[in-house]
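A.B. asks:
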Amino acid sequence: MRRGKQIVQREVTCRQFVGLIGRLRDGELSDVDRRSFLQHRRECARCSDYLKGYELTISAAKRIAEDSRDSSETVIPRSLVNRILDSRLKNRSGS
Ligand SMILES: [Zn+2]
């Protein structure tokens, strides 16, 4: 068995990036994953933009949750986040 030099490309695609955001929030990202995540954010304007929108959405949703002060735990359903981001994208396409 040959163990040649293994070149592991940890390049993240845009689709993977979106998936990593959720895992980052959950604290499930390894150092390696986090590094590729940050690298992709630096190199991809679209994903960097997406992440900004995501963070805005999260903080907005948190404020709403704090206002309703019903839940001690601030858990934002991913479906809600997706819905808000989706409408943001739709708004942008109109000129
Ligand atoms: Zn990207």
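Here the sequence shown stands for residues 4 to 98, where the numbers follow the working numbering.
From the three backbone atoms N, C-alpha and C, an ideal C-beta is built for every residue, glycine too.
Measure the C-alpha to C-alpha separation of Ile79 and Ala68 and round it to an integer number of angstroms.
C.D. replies: Their Cα atoms are separated by approximately 9 Å.
A.B. asks: Could I get the ranges of all uninterrupted beta strand (DSSP E) runs contained in the region 20 to 92, with 3 residues as the minimum, in chain order?
C.D. replies: List check, beta strand (DSSP E) in window: nothing returned.
A.B. asks: Distance check for Ser51 and Arg45, CA to CA, integer angstroms please.
C.D. replies: Rounded to whole angstroms, Arg45 to Ser51 spans 7 Å at the Cα level.
A.B. asks: CA-CA distance, Leu23 and Ile87?
C.D. replies: Cα to Cα, Leu23 sits roughly 18 Å from Ile87.
A.B. asks: Taking 8 Å as the cut-off, is the CB of Phe20 close to at least one heavy atom of ligand 1?
C.D. replies: Because some heavy atom of ligand 1 lies under 8 Å away, the Cβ of Phe20 counts as near it: yes.
A.B. asks: State yes or no: is the C-beta of Arg91 within less than 9 Å of the C-beta of Ile61?
C.D. replies: No, the pair does not count as a contact, with Cβ atoms beyond the cut-off.
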